[in-house]
Amino acid sequence: MNMPNDTRSRSVDVVVIGAGFAGVYAVHRLSSRGLSVRGFEAGSDVGGTWYWNRYPGARCDVESLDYSFGFSDKIQQNWDWGHRYSFQPSIHQYISYVADETGARSLIEFETSVVSQSYDAQTQHWTVKTDKGELITCRYCVMATGNLTAPLYPDMTGLDTYAGEKYHSSRWPKEPTDFTGKRVAIFGTGASGVQIIPEVAKEASKLYVFQRTANFSLPARNRPLTSAEIETVRKHYPELRDKARQHVFGIHSTPEPTRSVLELSEEETIEQFEKFWEIGGSLTFQMAFTDFMRDERANKRLADFVRSKIRQTVNDRKTAEALCPNDHPIGAKRICIDTGYFETYNLPQVELINLRERPVVRITPKGIETKEGLLEVDVIIFATGFDAITGAVTRIDITGRNGLKLAQKWSERPAAYMGIAVANFPNMFVITGPGSPSVKSNMVTSIEQHVELIDDIIGYMQKHGLGAVDADEEAENDWVDYVNEVANKTLFVKSDSWYNGANVPGKARNFVPFVGGVNTYRLALEAMMQNNLKGFIKEPLINQS
Ligand code: NA7
26 MNMPNDTRSR
36 SVDVVVIGAG
46 FAGVYAVHRL
56 SSRGLSVRGF
66 EAGSDVGGTW
76 YWNRYPGARC
86 DVESLDYSFG
96 FSDKIQQNWD
106 WGHRYSFQPS
116 IHQYISYVAD
126 ETGARSLIEF
136 ETSVVSQSYD
146 AQTQHWTVKT
156 DKGELITCRY
166 CVMATGNLTA
176 PLYPDMTGLD
186 TYAGEKYHSS
196 RWPKEPTDFT
206 GKRVAIFGTG
216 ASGVQIIPEV
226 AKEASKLYVF
236 QRTANFSLPA
246 RNRPLTSAEI
256 ETVRKHYPEL
266 RDKARQHVFG
276 IHSTPEPTRS
286 VLELSEEETI
296 EQFEKFWEIG
306 GSLTFQMAFT
316 DFMRDERANK
326 RLADFVRSKI
336 RQTVNDRKTA
346 EALCPNDHPI
356 GAKRICIDTG
366 YFETYNLPQV
376 ELINLRERPV
386 VRITPKGIET
396 KEGLLEVDVI
406 IFATGFDAIT
416 GAVTRIDITG
426 RNGLKLAQKW
436 SERPAAYMGI
446 AVANFPNMFV
456 ITGPGSPSVK
466 SNMVTSIEQH
476 VELIDDIIGY
486 MQKHGLGAVD
496 ADEEAENDWV
506 DYVNEVANKT
516 LFVKSDSWYN
526 GANVPGKARN
536 FVPFVGGVNT
546 YRLALEAMMQ
556 NNLKGFIKEP
566 LINQS
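In this text, residue positions in the sequence shown follow this note's numbering: the first is 26, and each later residue adds one.
So, in structure tokens, the structure goes:
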């Protein structure tokens, strides 16, 4: 074992790549085991998603009292959440506090990206290279690279010639932006666009929203938390965290559904949905009934209800129709939650451009040319999403056994055994990787689960004198088949979305997250551990002296 926690060392036990929730906890947890750990982070601070996505209006769509770590009672007792759904600055402050409180920050090198890593089977070690040219050897690589990290920019003719300001939602500057009096165009009406649009509309003299696909969005009804709510949760954190761990989505605030919406009459359904609409949030709806994602008739009830709300809210009929999603079941793309999104289209300065009818011909130095002429703008905002789940991993040049490249392996199907280990890439662990609940769960619960699993696997290896563990290819294939089988029984597969890679030109089409639930997944992981790392090939430690 190397010198514990020596950040100057060129050889450590573990390299952790990324310093969001996953990286910070992994650094803390594995260094607490006595391993020497070094973290690398491209940004200048911890936070990951909550460091990069600092656009106006950025907030979480999971409730604050759920979206937090349970591993330290001191941390959960000390932290004060302000709102039902936290804003980006508050989540960023929280993860900074966790990094300081645990001491993880001192083991992380910032503004340093890992560019490549390769495995040497003779030594059972990885060699990791950073963009500063440094080489680090380590036994374990933990990919805490995040699921929504690698931003996508549209490939538009003439984009390079544009002379105005350009922003991507996920690469927002640290300095405050001010769009007062400016003509702004925004591309993208996913979760990020839906949050940005009402904020920018308050400042801009003109806002053009370029929409390719209309999205379902529900009101967040965000509000400050009361001290009584906070105190109740504080008192019961241990039970609530346990409840979250056993919950299909990994949350404690909303119990699991037990009945079908089809048991209700049409009138009862509307009455119930109206109540949920007032409560706000998307899980309020999604956790109420068992069959929204399993039965097209159930799904249509909710989709029709939301479409009727859009028509009631948006004054201009043509705009309202264009905003009504009609090409995918509700929930098959992530449902947005918003604050005044549809209402924004009633403002005189806001104009929706339906790209299906009015595509972009080219970008010019002055603005955006559609077939109906040039729209001059001072600012273009891209809220065009990510090469999700796999993108942040495959953008690193990763070489496993026998020269196998991870990007090549995943070009056909992004396979990982139990969503965490990739065959032929021994001792490399992908936190919330493909085939784990990841983005179809409360990310913080899933991150804790994976970090603790990695810690347990390493503990097992140390106890049994193992130098490497590698996912068995057959076990990996069986797991991916199972993930697909579970998804194919749902309506999640009935859309072109970033869940299945459809948003990235040329990317393999596979439904990537495990949608069988955090609870089911937990049982599978426990069975794997109880069966002595079933599905892993175990190699004894090669003595290097
Ligand atoms: P999303 O959900 O991937 O949304 C991206 C949006 O950008 C979506 O509306 C896309 O339309 C649109 N898009 C992408 N490329 C283009 C081009 N070339 N032209 C026009 N419009 C385009 O990313 P977000 O950042 O909003 O949210 C990601 C997740 O973060 C979210 O689900 C939460 O979990 C948090 P499309 O639907 O592909 O037609």
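Think of the CB as a built atom: it goes at the ideal place given N, C-alpha and C, for glycine as much as any other residue.
Small disclaimer: the values here were computed from a predicted structure and weren't measured.
Exercise for review: Enumerate in chain order the residues of its own chain whose CB-to-CB distance from Ala426 is below 8 Å, with the five nearest sequence positions on each side excluded.
Suggested key: One detail in the question is off: residue 426 reads as Arg in this sequence, not Ala. These residues qualify, in order along the chain: Tyr144, Ala146, Asn449, Phe450, Pro451, Asp495.
Practice item. Report the three-state DSSP secondary structure of Met181 (helix, strand or coil). Key: coil
Practice item. Check whether the Cβ of Phe411 lies closer than 7 Å to any heavy atom of the ligand NA7, and answer yes or no. Key: yes
Point to revise | Coil, strand or helix - Thr152 by DSSP | key: strand
Check your understanding: Can you pull the DSSP bridge partners for Lys589?
Key -> This structure leaves residue 589 out entirely; the chain is present only between 26 and 570.
Exercise for review: Taking all protein chains shown into account, decide if Leu160 is buried (16 or more other Cβ within 10 angstroms of its Cβ) or exposed.
Suggested key: exposed
Point to revise | Extent of the continuous alpha helix (DSSP H) to which Ser242 belongs | key: Looking at the DSSP string, Ser242 is not in any alpha helix (DSSP H); the run it does join, the beta strand (DSSP E), is 242 to 244.
Practice item. Please confirm whether any heavy atom of the ligand NA7 lies closer than 7 Å to the CB of Ala408. Key: yes
Review point. Counting only runs that start and end within the stretch 60 to 116, where is the beta strand (DSSP E) found for 3 or more residues in a row?
Key: 62 to 65
Point to revise | His353 versus Ser520 - alpha carbon distance | key: 5 Å
Point to revise | Sheet register partners of Thr162 (DSSP bridge) | key: Ser36, Thr152
Practice item. With hydrogens ignored, establish whether the beta-carbon of Ala328 is closer than 7 Å to any heavy atom of the ligand NA7. Key: no
Review point. What does Met453 pair with, by DSSP beta-bridge criteria?
Key: Cys166
Review point. When the Cα of Ile414 is compared with those of Val41, Pro538, Thr127, which residue comes out closest?
Key: Pro538
Practice item. Just grab the DSSP bridge partners of Leu232 for me. Key: Val209, Val375
Check your understanding: When you compare only the Cα positions, how much space is there between Lys231 and Val404?
Key -> 10 Å
Check your understanding: For Leu177, does the count of other Cβ atoms within 10 angstroms reach 16, so buried, or fall short, so exposed?
Key -> buried
Exercise for review: Please report how far the alpha carbon of Val37 lies from the alpha carbon of Asn351, in whole angstroms.
Suggested key: 53 Å
**Study point:** heavy atom of the ligand NA7 below 7 Å from Gly365 C-beta
**Key:** no
Point to revise | Exposed unless 16 or more other CB atoms sit within 10 angstroms - verdict on Gly560 | key: buried
Point to revise | Selection from Pro565, Phe65, Cys85 that minimises the alpha carbon distance to Lys488 | key: Pro565
Practice item. Since I believe Ile472 is in contact with Tyr50 (beta carbons under 8 Å), could you give me their beta-carbon distance rounded to a whole number of angstroms? Key: 6 Å
**Study point:** Through-space distance from Ser131 to Asp422, alpha-carbon basis
**Key:** 26 Å
Practice item. Taking 8 Å as the threshold, find out whether the stretch 133 to 143 comes into contact with the stretch 102 to 115 through three or more Cβ pairs. Key: no
Point to revise | 6 Å CB neighbourhood of Ala210 in its chain, flanking five on each side removed | key: Tyr233, Ile393, Val402, Ile405
Practice item. Could you say if the stretch 507 to 515 and the stretch 386 to 400 meet the contact criterion of at least three C-beta pairs nearer than 8 Å? Key: no
Exercise for review: Check whether the stretch 120 to 128 touches the stretch 63 to 72, taking contact to mean three or more Cβ pairs, one atom from each stretch, closer than 8 Å.
Suggested key: yes
Exercise for review: Leaving out five residues on either side along the sequence, give the residues of the same chain with a beta carbon under 8 Å from the beta carbon of Cys349.
Suggested key: Ala239, Arg332, Ile335, Arg336
Practice item. Please work out which residues of its chain come closer than 6 Å, Cβ to Cβ, to Phe298, disregarding the five sequence neighbours upstream and downstream, and give them in chain order. Key: Phe330
Exercise for review: Please name the residue in Val286, Ser89, Thr457, Gln311 whose C-alpha comes closest to that of Gly48.
Suggested key: Thr457
Review point. Is it right to say Pro81 is buried, meaning 16 or more other beta carbons lie within 10 angstroms of its own, or is it exposed?
Key: buried
Practice item. Could you spell out where the beta strand (DSSP E) holding Thr279 opens and where it closes? Key: Note, Thr279: premise wrong, no beta strand (DSSP E); not H, not E.
Review point. Asn193 bridges to which residues according to DSSP?
Key: The residue you asked about is not Asn; residue 193 is His in the sequence shown. In DSSP, His193 forms a bridge with Phe407.
**Study point:** Same chain, Cβ closer than 7 Å to Gly490, neighbours up to 5 away in sequence not counted
**Key:** Pro565, Leu566
Practice item. Would you identify the three-state DSSP class for Asn30, choosing helix, strand or coil? Key: Note that Asn30 scores a pLDDT of 49, beneath 50, so its modelled location is shaky; the value from the coordinates is reported in the next line. Coil.
Check your understanding: Heavy atom of the ligand NA7 less than 7 Å from the Cβ of Gly213, yes or no?
Key -> yes
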